[in-house]
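If you're matching positions, the sequence shown starts at 98 in our numbering and goes up one per residue.
Ideal Cβ placement from N, Cα and C applies to all residues, glycine included.
These figures come from a predicted structure and were not determined experimentally.
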Amino acid sequence: MVSNLANVSSLLWHAYAALPAPSSAVNWAGFYVRQDRFPSLVSAGSNTKETPGTQALLLDPFHGKPACQLIQFGRGVCGTAAEKQETVLVPDVFNWEGHIACDAESKSEIVVPILVNGESVNLWQHGSKYICA
């Protein structure tokens, strides 16, 4: 699964970058997976321990600057999309309460949850260098 998502991240990144401006201003494109559904993806000795009784998202293949490794459901744009099981579009992250700023260059984001049997198990996120009106 990891190699497939790595290729998808690369393909999406380069597809966005090939678009005319401002669409080409991709800053981050990649995935987060639900940690309890993919425990084998957690590296030995990593600092990504999940709090008991909570659900968390673990960083998966992406293109862009380093990102937050672990995001709790309900926190930030990714955690909100996972918890609500719906796409979250944030045209201006500076006006979105609870935004987790992994990279100050990201000005807008869209996060799309991937649902299996009614559960968020994976998320796709795209960050842009521009505020989207």
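Nearest residue (CA-CA) to residue i, options the options
i, options, result
"L155", "P163, I168 and N104", "I168"
"G173", "D133, P163, M98 and E194", "E194"
"Y227", "H196, N219, N124 and I197", "N124"
Cα-Cα separation between residue i and residue j, rounded to whole angstroms
i, j, result
"S100", "L108", "12 Å"
"F191", "K204", "7 Å"
"S106", "Q222", "10 Å"
"D157", "S120", "23 Å"
"C229", "R131", "28 Å"
"K162", "A198", "12 Å"
Cβ pair residue i, residue j closer than 8 Å
i, j, result
"A126", "F159", "yes"
"F170", "Q152", "yes"
"I207", "N219", "no"
"A122", "S225", "yes"
Should the stretch 207-226 be regarded as contacting the stretch 180-191, the criterion being three or more beta carbon pairs within less than 8 Å?
Because the criterion of three Cβ pairs below 8 Å is met, the stretch 207-226 and the stretch 180-191 touch.
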